[in-house]
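Final position of the sequence shown in the working numbering is 538; the numbers increase by one with none missing.
Beta carbons are placed, not taken as given, at the ideal position from N, Cα and C, and that holds for glycine.
Source: prediction; values computed, not measured.
Since the structure comes first, as structure tokens, the remarks are kept for the end.
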Amino acid sequence: MAYSLLPFAQRRQLHARVAEWHEQRHADNLAPHYPLLAHHWSRADVADRALFYLEKAGEQVVSRHANEEVTRFYSEAIAIDQRFENRLQAERSIRVGRGRLVSARNAQRVRWHRRLGEALTNLGKWDEGRKHFEDALSLVGRPLPARQGLGPLDWECSVRSNARNASAPG
Numbered sequence: 369m370a371y372s373l374l375p376f377a378q379r380r381q382l383h384a385r386v387a388e389w390h391e392q393r394h395a396d397n398l399a400p401h402y403p404l405l406a407h408h409w410s411r412a413d414v415a416d417r418a419l420f421y422l423e424k425a426g427e428q429v430v431s432r433h434a435n436e437e438v439t440r441f442y443s444e445a446i447a448i449d450q451r452f453e454n455r456l457q458a459e460r461s462i463r464v465g466r467g468r469l470v471s472a473r474n475a476q477r478v479r480w481h482r483r484l485g486e487a488l489t490n491l492g493k494w495d496e497g498r499k500h501f502e503d504a505l506s507l508v509g510r511p512l513p514a515r516q517g518l519g520p521l522d523w524e525c526s527v528r529s530n531a532r533n534a535s536a537p538g
């Protein structure tokens, strides 16, 4: 049967089974399989595992300065996080204290936005990159640097520097 003819529920089950198989088969060395696992868990709509592997895959490509891939992995992580935010918080609040939950989630989100901002500016996409730096600063409650007295490039560098130094409260 052709994949495109399968109902979405069945597709999700297949992706979950494939991801589980890869996790078991390559348990001793998952790192080369992070992108593949991220793909299958995201298609299976298993947000926690998809986010885990998207972040791991993103970390790998950041170290190689593969900005297009960095952009892809962290953009997908942010999209999944936004799509499943309520469900993720409900699942995690059962396991973790509420205050630490919010802090951990924000730290992760700050990291994603900061890395995405860096990759986009490295690709010359200044406006898109700046938006993610601003999002990172907003998540930690830090104001944007004042524009007064700064030229456009100086201000961009200030936003980027502040976002790099941002960390979640608590």
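Could you check what DSSP says for residue 537 in three-state terms: helix, strand or coil?
Since pLDDT at residue 537 reaches only 44, below the 50 mark, its modelled position is unreliable, and the value read off the structure follows with that caveat. If DSSP states are grouped into helix, strand and coil, residue 537 belongs with coil.
Touching by the beta-carbon criterion (3+ pairs, under 8 Å), the region 439–453 and the region 377–394:
Flag = no, the region 439–453 and the region 377–394 do not touch.
Three-pair Cβ contact test at 8 Å for the region 471–484 versus the region 406–418:
Contact fails between the region 471–484 and the region 406–418, because fewer than three Cβ pairs, one in each stretch, are under 8 Å apart.
Start and end of the alpha helix (DSSP H) containing residue 421?
Taken as a continuous stretch (DSSP letters only), the alpha helix (DSSP H) holding residue 421 covers 415–431.
Apart from the five residues just before and just after residue 430, which ones in its own chain have a Cβ nearer than 7 Å to its Cβ?
Cβ within range, chain order: 438 and 483.
Could you please give the first and the last residue of the uninterrupted alpha helix (DSSP H) stretch that includes residue 386?
Counting along the chain, the alpha helix (DSSP H) containing residue 386 begins and ends at 376–393.
Could you say which of 497, 480 and 432 lies nearest to residue 441 if we only look at CA atoms?
Closest option to residue 441, Cα to Cα, is 480.
Taking C-alpha atoms, which residue in 422, 443, 411 and 412 lies nearest to residue 403?
When only C-alpha atoms are compared, the closest one is 422.
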